[in-house]
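Novice: With my numbering applied, the sequence shown covers 258 to 559.
We treat Cβ as the ideally placed atom computed from N, Cα and C, and that holds for glycine.
Please find one structure pasted underneath; my questions will follow.
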Amino acid sequence: MRKSVRQITDGAMMIALIGLFVIVNRQLLFLLETYVAFLMPIPILFYTVKYGFKQGLVVAFGMIVISLLLGTPQSLFYMGAALANGLVYGHGVRKQKPNEWLLGVTIVITAATMFLTTYAFAAFFGYNVMEEVGLIIDYLKTIQGFTIDATLTATLYAMYPLVIMVTALIQSILTHLSAILLMKRLRIAVLPLRPIHTMRISKPIGGVALLLLFAPAVFQYMKVSVDIQVMGNIVYLIALMIFLFETFIFLGLLAPKVKIRSLPTLGLLLYLLLPTVMTYVCVVIGALDILTDFRERVLYRR
């Protein structure tokens, strides 16, 4: 009896939290669902971990109803996606799925939601990709000495899905870390996170990425069509992100060694201030870390 009362009380509390979120979100002109969307799956996630998937479905239905009563159709869609995320994640925790699985399903659901809202239902959610990219192009035209050609314009349009994917990745990581921290605080058993020193891009991927960095220059020299040049620019950006990721992993490992905990943050600030120079620096550090024993020599003096 006491367990049932606690279960009902927790469910009512989770629904009340979602109701409060919807009200505050509406008063703040929907800023919460834009900037703290990674927190939306947490209430149902916690409840599913504690009481199971079937009980989580009941509470999720209550959350949908209160979102329907207090929110807008757009907010209802975001809430439905967040609830699906939390239910699947919570079920995975109960089944002791590895963190890679949990993060993976979160990325898939988040990315699918973003692509649906940006492309499939763009008019319903008020998105206009052409207009947003047009604003970026108009801004670039104001920069003295900056040339806008057909290749750059096409690249900006082609980059938009990549930007959505990166945004989904960042949001999913924030959701994953928030869930882990919450469950640890509530003393819920979770599998340990993978140690940062074990994270490293494989050498074959690093080698291919290094070659892909030269794709734009090669395609421009060959004077291929605009479509192929755009493809070269896209693969260049993907390869660059691989080396940026590896560089920041290395800085995270180096920080305690040099006793500068904010070293990754400082590196990010430098990259934002000096993007051209820091791009080359990050490529060099990332390539050395992936393809050589640079990490062992610098960190462990081997």
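Give the single residue among 331, 379, 509, 411 whose Cα lies nearest to the Cα of residue 393.
Specialist: Measuring from the Cα of residue 393, the nearest candidate turns out to be 411.
Novice: Just curious, the alpha helix (DSSP H) that residue 528 is in, first and last residue?
Specialist: Taken as a continuous stretch (DSSP letters only), the alpha helix (DSSP H) holding residue 528 covers 520–530.
Novice: Residue 399 by DSSP, collapsed to three states: which one?
Specialist: Three-state DSSP puts residue 399 in coil, outside helix and strand.
Novice: What do you get for residue 284, buried or exposed, if any count of 16 or more other CB atoms within 10 angstroms of its CB means buried?
Specialist: Classification of residue 284: exposed, given that the 10 Å Cβ count is below 16.
Novice: By alpha-carbon positions, which one of 282, 421, 385 ends up nearest to residue 364?
Specialist: Closest by alpha carbon: 421.
Novice: Three or more C-beta pairs under 8 Å: does that hold for the region 428–444 against the region 295–313?
Specialist: The answer is yes - the region 295–313 touches the region 428–444, with three or more Cβ pairs under 8 Å.
Novice: Does the Cβ of residue 490 have 16 or more other Cβ atoms within 10 Å, making it buried, or fewer, making it exposed?
Specialist: It counts as buried.
Novice: Taking only runs of the alpha helix (DSSP H) that begin and end inside the region 326–396, which ones reach a length of at least 4 residues, in chain order?
Specialist: The region 326–396 contains these whole alpha helix (DSSP H) runs: 330–351, 356–372, 379–382.
Novice: Could you give the residue range of the alpha helix (DSSP H) that holds residue 293?
Specialist: Counting along the chain, residue 293 falls outside any alpha helix (DSSP H), and DSSP gives it neither H nor E.
Novice: From this set, 334, 335, 313, 331, which residue's C-alpha is nearest residue 345's C-alpha?
Specialist: Residue 313 is the option with its Cα nearest to residue 345.
Novice: With DSSP collapsed to three states, give me the class of residue 480.
Specialist: Residue state, collapsed to three classes: coil.
Novice: Going straight from the alpha carbon of residue 509 to that of residue 354, what length do you get?
Specialist: Straight-line Cα distance between these residues: approximately 26 Å.
Novice: Would you mind giving the Cβ-Cβ distance between residue 323 and residue 279, rounded to the nearest angstrom? I have them listed as a contact below 8 Å.
Specialist: That pair is a contact at about 7 Å.
Novice: Any chance you could list the alpha helix (DSSP H) runs of at least 4 consecutive residues sitting entirely within the region 439–469, in chain order?
Specialist: Segments of the alpha helix (DSSP H) lying fully in the region 439–469: 460–469.
Novice: What do you reckon, are the CB atoms on residue 413 and residue 295 nearer than 7 Å?
Specialist: In this structure, residue 295 does not lie closer than 7 Å to residue 413 by Cβ.
Novice: With burial defined as no fewer than 16 other Cβ atoms inside 10 Å of the residue's Cβ, what is the status of residue 342: buried or exposed?
Specialist: Burial call: buried.
Novice: Identify which residue in 374, 269, 428 has its Cα closest to the Cα of residue 360.
Specialist: Residue 360 has its Cα closest to that of 428, out of 374, 269, 428.
Novice: Starting from residue 551, trace the alpha helix (DSSP H) both ways and give me its first and last residue.
Specialist: Where residue 551 is concerned, the enclosing alpha helix (DSSP H) stretches over 551–556.
Novice: Given this structure, state the Cα-to-Cα distance separating residue 300 from residue 463, to the nearest angstrom.
Specialist: Taking the straight line joining both Cα atoms gives about 39 Å.
Novice: Buried or exposed: which applies to residue 495, given that a residue is buried once 16 or more other Cβ atoms fall within 10 Å of its Cβ?
Specialist: The residue is exposed, with fewer than 16 neighbouring Cβ atoms inside 10 Å.
Novice: Does the beta-carbon of residue 486 have 16 or more other beta-carbons within 10 angstroms, so that it is buried, or is it exposed?
Specialist: Answer is buried; the Cβ neighbour count reaches 16.
Novice: Looking only at its chain, what residues have a beta carbon closer than 8 Å to the beta carbon of residue 419, apart from the 5 residues adjacent to it on each side?
Specialist: Excluding sequence neighbours, residue 419 sits near 491, 494, 495.
Novice: Let me know if residue 211 comes out buried or exposed under the rule of 16 or more other beta-carbons within 10 Å of its beta-carbon.
Specialist: There is no way to answer for residue 211, as the model of the chain reaches only from 258 to 559.
Novice: When the distance is taken between beta carbons, is residue 407 closer than 7 Å to residue 475?
Specialist: No. Outside cutoff.
Novice: Just to confirm, is the Cβ distance from residue 386 to residue 335 under 7 Å?
Specialist: Against a cut-off of 7 Å, the Cβ pair of residue 335 and residue 386 comes out as no contact.
Novice: For residue 552, tell me which candidate among 507, 329, 516, 390 has the shortest Cα-Cα distance.
Specialist: Nearest option by C-alpha distance: 507.
Novice: Residue 519: buried (16+ other C-beta within 10 angstroms of its C-beta) or exposed?
Specialist: Exposed, by the Cβ-count rule.
Novice: Output the distance between the C-alpha atoms of residue 275 and residue 282, rounded to the nearest integer angstrom.
Specialist: Residue 275 and residue 282: Cα-Cα distance of roughly 10 Å.
Novice: At the level of alpha carbons, what is the spacing between residue 266 and residue 318?
Specialist: Rounded to the nearest angstrom, the two C-alpha atoms are 16 Å apart.
Novice: Quick one, are the C-beta atoms of residue 503 and residue 445 less than 7 Å apart?
Specialist: No, these two residues do not count as a Cβ contact at 7 Å.
Novice: Considering Cα atoms alone, identify which of 271, 328, 545 is closest to residue 287.
Specialist: When each option's Cα is compared against that of residue 287, the closest is 328.
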